[in-house]
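All remarks here apply to the structure that follows.
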Amino acid sequence: MEFQSNPYLIWQLIPGMILFGIGLYIQTRPVKKRESDVFSLLMFGGSLWAISAAIQPLTTDLLWQRAWNAVVYLGITSVPTSWFLLSVKLTGYFQARIEKIEKWLWAVPGVLYLCMITSGYHKLFFTSNEIVHVGGYASLENVFGMLFYVHTLYSYLLVLSGILILGTSLALNFKRYGVQAYGLIIGVLAPLVGNAYFLFGSPPVGFPDPTPIIFTVTGIAFVWAIFGGHMLEVVPLANEAIVQRLSTGVVILDSEKKIRSINPAAMKMANLPAQTSDSKAFSSLVAKIPVVMETILPVLDEVTNESQSLQVTIPEYNRTLQVLISRIEDERRLSLGWLIQFSDVSEKKQAEENLKSARRTFETVLDTLQDSYFEADRGGFITYANLSFVREVGNTAREEVIGKHFRHYTDPSVVRTIFTTFQTVYETGEPVPPFEFRFRKTDRVTRIGDAYVSPILDGKEVIGTRGLIRDITDRVLSEAALEAAKNQAESRAEALAAINRVATTVNMSLDMKDILQSVCQEMTSIFAIRNAGIGLITPDRGSLEIVAFHSSEPGETSALGMLLPLEGNPSSQEVIQKKKTVVIQDAQNDPRSNSIADVSRERGTKSLIIVPLLARGEVIGTIGMPARDPNHVFTDSEISLAETIASQIAAAVNNARLYEKTEHALDIAERDLEIGRQIQAGFFPEKLPAIPGWEIATQFHAARQVAGDFYDVFRFKNSSFTAFIIADVCDKGVGAALFMVLFRSLLRAFSEIEVNCENVQAQLLKIILNTNNFIAIYHGRSNMFATLFFGILDPESGILYYVNCGHEEPVILNKDGKIVERLSPTGPAVGLFPDMPFEVKQRQIDLGDILVGFTDGTTDARNTSGDSFTEERFLQNIAVPWTSAFSMLFELNVELQKHIGAQPQFDDITLISFRRKLTMERDNHAICRPANLEILPELRDFVESAARNHQLSSDDILAFKLAVDEICTNILQYGYSGRLPGLLSLFFDVDAGKARLIIRDDGNPFSPDQAQLPDIESGWEEREIGGLGIYFVKGMMDNVSYSQVAGNVNQLVLEKGVKFSK
Amino acid sequence: MEIQDRQVNGITVMTLKGSIDALTAPKIAEAIQAQLGKGNIKIVADMSGVGYTSSAGLRVILSTIKETRSEGGDFRLCGVKTDVMKVLNLSGFTNILKLFDTLDAALASYA
């Protein structure tokens, strides 16, 4: 290898090294990678070009020179592309589009370079490249082929394009570039100069290509320009990044109103692809969405130093833009252009739309409301009203109402209330409690509503009021209708109030006449009667003394103090004898009322009612009441109400008499208790209905203090469906007793409905709801309520429909004495609040099942140490197989009484039980006791209460009581003499008008036939002391038969045809 | 069974309360015997607190009548209640007993 010197070595190496240095330096700077990389590439390309060109001629060797020539071309082919890309990236012109094809731009020099190095084969780039010796200097002579010119042309194109781009940008943005502009001008001009020299100059042979040297100048100039002016550094970079990343669209218009800059956000809003170049974006913007520019352009000139804001909707893209236009001015306030900021408020707009639509939905819903709804501003002017409101105030169109003052629709009586209510809402910002509102309709009709008013808030400020008004006029009217339909209940409620007043009078005054006078007055207000007079039977039972009289006719002669002889007064006689109310329809002509026929004619009265005052089964007097209207027909409910009141009066009279008689000042509390007890006792069903296949038993033991327990069993009209009620009215005392009567009366009154398989559930619910609402609405202030179990039994199917209103869970026992279910509450206690939720449930009662209802007085019964009986013990006692519901309650009561002992009973003990008989068997009440004399009272009690449970007459009850006593006394005294005491059992049942008592014992055989009967006609001297007992038994029973059963068990069967109490 | 006694103008008033049966009759008999033992042979039984009697009660009444009357005294009843009255009727005792509505009337009858 032969070396030779290169005279330009230094001139080529130095720029080569500088370029390399710049390329490296750039990479260490905190600049934009995108641009610095391409800049470094340009520098490295130039460096490679210059350095390898310096090295190439150092030997004369062909291969050396060819190899370095190839390296030189690596630089040559890379520089134009790098330059072009740099220009694009620095100016940002066509940037998006160029970057897309960047790799293809690099492919072109790559392919050309490949062609260059393979030129030896195809001669397309260099037709030849051989060493030529010029003046002893061996230089590689490239003879250019076709591809070289392609390459050159392409390179010039790129270089010139780059110059053009940079030049344009410089020219346009000279100010923006500031001091960098000079460096950039030099950097841009340098390749131009080099090019000019290459084209027009005639460099000497061997003079190296000046291009890399020229790029050195460019490099230095750029480094100074770019870094001196911090063009690529972080602050402008950040600014740009911010603008690029802003969600606000930013468009800069020049003074020609052409778009100079648009950021991606703006493009997105204009629905342009993100890569769209600026100028294209401008035309697209105008072309695609003329509305934007059409709206904005005319505004531009109006923009002064204040920014201007407007909203543009682009329907095509379903977008709404908020536009803020500001003028860009230089220091001399000359307009440079405009900054336009776009915010996409579509979502906000959408949200507003949604809000509006939600409001529309809300208003639609409001319009379907039956309740009236309004919104008013702080001035009280209506800003919105729903259709109900519009209708309510008698208008047809909402427009008529909106804008009117609320006062227009307010009844004058409540204007002040409304004013203060609104004022309260404004001041407190809190809703006000519901109050009664009265609408004034356009036709001046007043309607009543429950109003709920709350504030409309904007933040914390009250900007108005909104309110909901429930029209309760209809409810009030329907309640009135209900009252009319149920006037029995209503008048009962009044009657109760009357009774209450009577009771109060009794408490306050012991003067019986005062009491009775007040009762007469009450009667005239309760009934549609002309007057009411109370007559008491005189001690000689010959006349009625009018002790109280009140007339609703002023000026009518008072009958007070008159003595009416019973003789010649058939109507009163009838009342007293039959102990029944007499109703006379035509008092002027009916012979029974001939004694007052004249008075009746004179006063024009016809219809008359005479009610007995029954105290403890005895008539002590009468109440006479002529109707006000001659054609009035006293209804059954009026009669029964009058009788109820009469019984209370009689009790009061009795009390007063008792008081007078004994001349003891009865303890007032005691009297109170007695009244309560009587009220309570008077309302227990006198007779339980007989239901084939079923047995009903009840137990009630009043507390020492009056409590509010009650039970009821009755049949629905024209139906076998049977109601079964056990309840406990809260609290104790006369009040509780009165409410017990009210509850019971309401339940009875509301039960005056048809019940069948289809409607039983709905009807039951209605009864409960009506009762609940009546108490809650009319007696809400008393805060009285009752826990209540209301069952409706379908005796045929055995299905029990029931509502348990917070009452102790009744128990269902199966025939094996196992507790199979507790009927837990299906609703709250009755009477708390109107319209409480109650649910009807149902349960099949199988053959042999017993349903037991009880009150808390049972489980809470205390003994002398204060221990409760407890529910466990209660359940334990009933959970055995029973042959009758009555026996179960009887035995349970025995246990209870044992437990209570001498302790005064604190609460009522109420028990009610239904048993579904296994077959159509007879009731089989039974008890079994160890055979000793101590059990005698219990045996009597058993028979007495069983007989009472079957409503036997008092004579029959006594007969069986005596019979069991006498027979058992015999057995217990003599039957076990000489042997161990065994067991004695009783069975009692009633069937087909015949009561049967079976007594079994395992003592010595004894037949009553063996006994000798006494002579009851004989005088005292002759009378024998024994034998009376058996005489009683035989005399009172229809049939007495003795037999031995099961070997050595004595069985005595006593039978008697019985009468039932009324 | 509650039994109280007091003397009113030389007459023994026995106030009875409760039911009279084989269980309680012996107590009454005992109380009467105590009075007879003291020589009190004019006796009035206030029956207004007695709701029931079986033949056991009648036996006590009969034996008391026999004893008092044999000594010139008597055993009279007052304030007899319905069920007791029924038993007295049934047994024919109303024919041999002197009954009074009120205690005063019974006391007055001894005068």
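Protein sequence lines correspond, in order, to chains E and Y. With the numbering used here applied, the first sequence covers 2 to 1063. With the numbering used here applied, the second sequence covers 22 to 132. Beta carbons: idealized from backbone N, C-alpha and C, even for Gly.
CB contact below 8 angstroms: residue 966 of chain E versus chain Y: At least one CB atom of chain Y sits nearer than 8 angstroms to the CB of residue 966 of chain E.
Local Cβ density within 10 Å of residue 957 of chain E, reported as buried at 16 or more and exposed below that: Residue 957 of chain E comes out buried.
* To do: Give the interface partners of residue 42 of chain Y over in chain E, defined as CB-CB distance under 8 angstroms, in chain order.
  => For the C-beta of residue 42 of chain Y, the chain E residues within less than 8 angstroms are, from N- to C-terminus, 937, 938, 941, 966 and 970.
Under 8 angstroms, do residue 253 of chain E and residue 184 of chain E count as touching if we go by C-beta distance? Contact: no.
- Classify residue 147 of chain E as buried or exposed, calling it buried when 16 or more other Cβ atoms lie within 10 Å of its own Cβ. Classification for residue 147 of chain E: exposed.
* Pull up the distance between the alpha-carbon of residue 642 of chain E and that of residue 527 of chain E, whole angstroms please. => If you take the alpha carbons of residue 642 of chain E and residue 527 of chain E, they lie about 10 angstroms apart.
Would you mind sorting residue 144 of chain E into buried or exposed? The rule is 16 or more other CB atoms within 10 Å of its CB.
For residue 144 of chain E, the number of other beta carbons within 10 angstroms of its own is below 16, and it is reported as exposed.
- Message: Please confirm whether residue 1 of chain E has its beta-carbon closer than 8 angstroms to some beta-carbon of chain Y.
- Response: Since the first and last residues shown for chain E are 2 and 1063, residue 1 of chain E lies out of range.
> Of the choices E/140, E/41 and E/128, whose alpha-carbon is the least far from that of residue 66 of chain E?
Replying inline: Residue 66 of chain E has its Cα closest to that of E/140, out of E/140, E/41 and E/128.
Q) Which first and last residues belong to the beta strand (DSSP E) in which residue 931 of chain E is found? A) Note, residue 931 of chain E: beta strand (DSSP E), 926-931.
Taking 7 angstroms as the line, does the beta carbon of residue 993 of chain E fall inside it for any heavy atom of the ligand COA? Judged by which ligands are present, the structure shown has none, so any question about the ligand COA falls away.
- [ ] Classify residue 1003 of chain E as helix, strand or coil using the three-state DSSP reduction.
- [x] DSSP places residue 1003 of chain E in coil when its eight states are reduced to three.
Just how far apart, CA to CA, sit residue 912 of chain E and residue 872 of chain E? Computed Cα separation, rounded: 13 angstroms.
Inset, instruction - Please decide whether residue 63 of chain Y counts as near chain E, where near means a Cβ-Cβ distance under 8 angstroms. - result: So no, residue 63 of chain Y is outside the interface.
- Query: Would residue 42 of chain Y be called buried (16 or more neighbouring beta carbons within 10 Å of its own) or exposed?
  - Reply: Here residue 42 of chain Y is buried, its C-beta having at least 16 other C-beta atoms within 10 Å.
> From residue 29 of chain E to residue 42 of chain E, what does the alpha carbon distance come to, in whole angstroms?
Replying inline: Looking at the two C-alpha atoms, the distance is approximately 14 angstroms.
Quiz item: Going straight from the alpha carbon of residue 55 of chain Y to that of residue 687 of chain E, what length do you get?
Solution: If I take the Cα positions, the gap works out to 45 angstroms.
**Asked** What do you reckon, are the CB atoms on residue 11 of chain E and residue 94 of chain E nearer than 8 angstroms?
**Response** Not in contact: residue 11 of chain E and residue 94 of chain E (Cβ atoms no closer than 8 angstroms).
(Q) Rounded to the nearest angstrom, what separates residue 602 of chain E and residue 624 of chain E at their Cα positions? (A) Straight-line Cα distance between these residues: approximately 20 angstroms.
*asked:* Tell me the rounded alpha-carbon separation between residue 894 of chain E and residue 1050 of chain E.
replied: The straight-line gap from Cα to Cα measures roughly 28 angstroms.
Check your understanding: Can you find a CB in chain Y that lies within less than 8 angstroms of the CB of residue 1052 of chain E?
Key -> It does not: the Cβ of residue 1052 of chain E has no partner Cβ on chain Y nearer than 8 angstroms.
(request) Given a cut-off of 8 angstroms, decide if residue 943 of chain E and residue 984 of chain E are closer than it, judged by their beta-carbon atoms. (result) Contact flag unset, no.
- Query: So what's residue 107 of chain Y in DSSP terms, helix, strand or just coil?
  - Reply: Note: residue 107 of chain Y maps to helix in three-state DSSP.
- Report yes or no: is there a C-beta of chain Y within less than 8 angstroms of the C-beta of residue 775 of chain E? Proximity of residue 775 of chain E to chain Y, defined by a Cβ-Cβ separation below 8 angstroms, is not satisfied.
* Asked: Should residue 265 of chain E go down as buried or exposed, given a rule of 16 or more other Cβ atoms within 10 Å for buried?
  -> The residue in question, residue 265 of chain E, is buried, as its Cβ has 16 or more Cβ neighbours within 10 Å.
Original post:
Between the Cα of residue 255 of chain E and the Cα atoms of E/441, E/326, E/309 and E/693, which residue gives the shortest distance?
Top reply: Measuring from the Cα of residue 255 of chain E, the nearest candidate turns out to be E/326.
Practice prompt. Please report how far the alpha carbon of residue 277 of chain E lies from the alpha carbon of residue 97 of chain E, in whole angstroms.
Written response: With a pLDDT of only 49 at residue 277 of chain E, under 50, the local geometry of the prediction cannot be trusted, and no value is derived from it.
Cβ-based neighbour list, residue 843 of chain E, same chain, cut-off 8 angstroms, excluding 5 preceding and 5 following = When the five nearest sequence neighbours on each side are left out, the beta carbons in the same chain lying within less than 8 angstroms of the beta carbon of residue 843 of chain E are those of 762, 800, 801, 802 and 803, in order along the chain.
Margin query: Please report the distance separating the alpha-carbon of residue 6 of chain E from that of residue 214 of chain E.
Written below: The straight-line gap from Cα to Cα measures roughly 20 angstroms.
ask   = Which residues mark the beginning and the end of the alpha helix (DSSP H) in which residue 152 of chain E is found?
value = From DSSP, the alpha helix (DSSP H) with residue 152 of chain E extends over 147-173.
Whole-angstrom C-beta distance between residue 748 of chain E and residue 713 of chain E, which should lie under 8 angstroms: Rounded to the nearest angstrom, the Cβ distance from residue 713 of chain E to residue 748 of chain E is 7 angstroms, consistent with a contact under 8 angstroms.
- Item | Pick from E/45, E/365 and E/846 that is closest to residue 811 of chain E, judged by C-alpha positions | The residue with the shortest Cα to Cα distance from residue 811 of chain E is E/846.
| message | Taking 8 angstroms as the threshold (C-beta atoms), are residue 142 of chain E and residue 61 of chain E in contact? | response | It is not a contact, given that the beta carbons lie outside the stated cut-off.
Check your understanding: Helix, strand or coil for residue 899 of chain E per DSSP?
Key -> Reduced to three states, the DSSP call for residue 899 of chain E is helix.
Below 8 angstroms, can you find three or more Cβ-Cβ pairs linking the stretch 817-829 of chain E to the stretch 751-758 of chain E? Taking a contact to require three or more Cβ pairs closer than 8 angstroms, the stretch 817-829 of chain E and the stretch 751-758 of chain E do not qualify as touching.
Assigned exposure category for residue 536 of chain E - 16 Cβ within 10 Å defines buried | That one is buried.
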